[in-house]
Structures are given as C-alpha cells and as structure tokens.
C-alpha cells in the first residue's frame with residue numbers, strides 16, 4: 005500500500021531564506037505524487053505534481069520538487085521564502101494501480117516564515 | 426481546474442442532531458470524494474460519492490453515520506448523523522479530473538463543523 009511520511013511537522017525560516025519541506029513515500033508502483041498547500045481558513049490548493057515525466061517539477065509561486073527514486077523522496081523547495089508562504093503543506097500520493105483518483109495524505113508540515 | 430462550492434461554510438450543532446453538507450461543482454465530473462480533517466490533523470478520505478449508486482466507504486466510516494447522495498455529476502451531499510463532539514472537523518468535498526496520465530484533485534473550501 006502507498007504511504008507518505010512528512011519528516012518535519014513544523015519548519016521555521018526567515019523571509020528571503022530557502023525553504024525545504026521533506027517528504028518520503030512508499031509505493032510498489034511508479035507513484036503519482038503531489039504537494040498541496042492550505043492557508044489558514046482557506047481551501048487546499050495544488051502546488052505541483054509528479055507523474056513519471058521530468059523528475060524536477062516546477063509548481064506555482066516559485067516552488068519546485070524533485071523526485072528521487074533511489075531515496076524514495078519528493079522534497080519541496082523554494083529558493084526564497086515570502087511571508088505569504090506561511091501555511092500548512094501536504095505531501096500526497098495517488099492510490100495505485102487502480103487509478104481510482106483517491107489520494108493518501110501525509111500528516112502535514114506547518115511552515116512559519118519570520119520577518 | 427474546477428470551481429467547487431460548499432454549503433454551509435461553517436455551523437455549530439448540538440450533539441445528537443444531523444447536518445447535511447452540500448457540494449456543487451461548476452461542471453460535470455465523474456469522481457467526487459468526501460474528506461474529513463480533524464483539528465490539527467491531516468485529511469482522511471471518508472468515501473467516494475458514486476453517481477447513481479451507493480457511495481464507497483473507506484475503512485472506519487459507515488453509511489449510517491455518513492450517508493451520501495450523488496444525484497447527478499455536479500452535486501453531492503454528505504450528512505453527519507447523530508453528531509457527537511468527536512465529529513467536530515472540517516469536511517471537504519473534492520473532484521478528480523484526468524490530466525495527462527494521472528488525476529488532479531481539486532478541493533472545495535470546506536465546511537467547519539463544531540458539535541457542542
């Protein structure tokens with residue numbers, strides 16, 4: 005069965021410094037992986053997705069993630085944090101191989117951005 | 426993408442009562458889901474809402490507690506029955522659309538339920 009583990013429940017960075025949110029996955033198949041962001045009192049927004057094409061995936065708002073099969077990782081990065089990046093981030097894997105559209109969520113990482 | 430609306434956006438309910446949450450999508454979709462997000466937690470899938478047939482529930486969720494309707498391809502309801510304080514959560518509906526070789530899932534804004 006697929007699963008994802010977000011290695012940090014809370015990450016704090018200063019504005020203008022790099023962001024790294026770590027995610028490891030477990031899957032017997034070639035997975036589809038996603039990062040979603042949830043701002044306070046707002047809905048979930050898709051940041052980016054990996055679906056076996058390029059291993060470096062670029063998303064919205066300057067975020068990107070790299071799929072590393074050898075490390076079973078899909079870490080989310082951003083070169084320079086902005087105050088508006090403060091939110092909850094979820095690493096997500098799609099259920100396979102039935103391709104049901106179902107998603108399995110990690111526990112989430114809270115990103116705090118300090119001025 | 427998809428534009429999804431939910432009603433109500435929030436509610437405070439007394440234990441023992443039931444609340445029905447509505448989810449409306451701006452276009453027809455095959456796959457629609459209901460999730461629960463308990464305070465400070467991640468999202469857990471409750472069920473897949475199937476158009477024209479009974480919903481498919483995940484382990485730990487039953488139809489008597491969370492009856493779901495899906496009368497057409499743009500609308501679904503989730504009822505939280507005989508509520509207790511443990512049901513206090515955000516309930517989200519989502520839809521999945523095929524994008525390339527995989528599905529992309531879009532979420533509604535959620536319904537924040539507090540049970541007293």
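Chains as they are written, first to last, in the numbering used here: chain A, 5 to 119; chain B, 426 to 541. Glycine included, every Cβ here is placed at the ideal spot set by N, Cα and C.
Item to complete: Name the residue from 465/B, 430/B, 453/B whose alpha carbon lies nearest to the alpha carbon of residue 476/B.
Response: Minimum Cα distance to residue 476/B is reached at 453/B.
Worksheet item: Do you know whose CA, among 528/B, 451/B, 446/B, 465/B, lies nearest residue 459/B's CA?
Response: Per the Cα distances, 446/B.
Worksheet item: For residue 48/A versus residue 40/A, is the C-beta spacing smaller than 8 Å?
Response: Yes, Cβ-Cβ distance for residue 48/A and residue 40/A is below 8 Å.
Discussion item. Would you say residue 9/A lies against chain B (beta-carbon separation less than 8 Å)?
Written reply: So no, residue 9/A is outside the interface.
Discussion item. For residue 530/B and residue 89/A, what's the separation of their Cα atoms in angstroms?
Written reply: Rounded to whole angstroms, residue 530/B to residue 89/A spans 21 Å at the Cα level.
Item to complete: Tell me, please, whether the CB atom of residue 36/A is closer than 8 Å to any CB atom in chain B?
Response: The beta carbon of residue 36/A sits closer than 8 Å to some beta carbon of chain B.
Worksheet item: According to the neighbour-count rule (16 or more other Cβ atoms, all chains shown, within 10 Å of its Cβ), is residue 58/A buried or exposed?
Response: Residue 58/A is classed as exposed because its beta carbon has fewer than 16 other beta carbons within 10 Å across all chains shown.
Fill in: residue 511/B - DSSP class collapsed to helix/strand/coil
Looking at residue 511/B - three-state DSSP - the assignment turns out to be helix.
Worksheet item: Does the beta carbon of residue 526/B sit closer than 8 Å to a beta carbon anywhere in chain A?
Response: Interface residue, yes.
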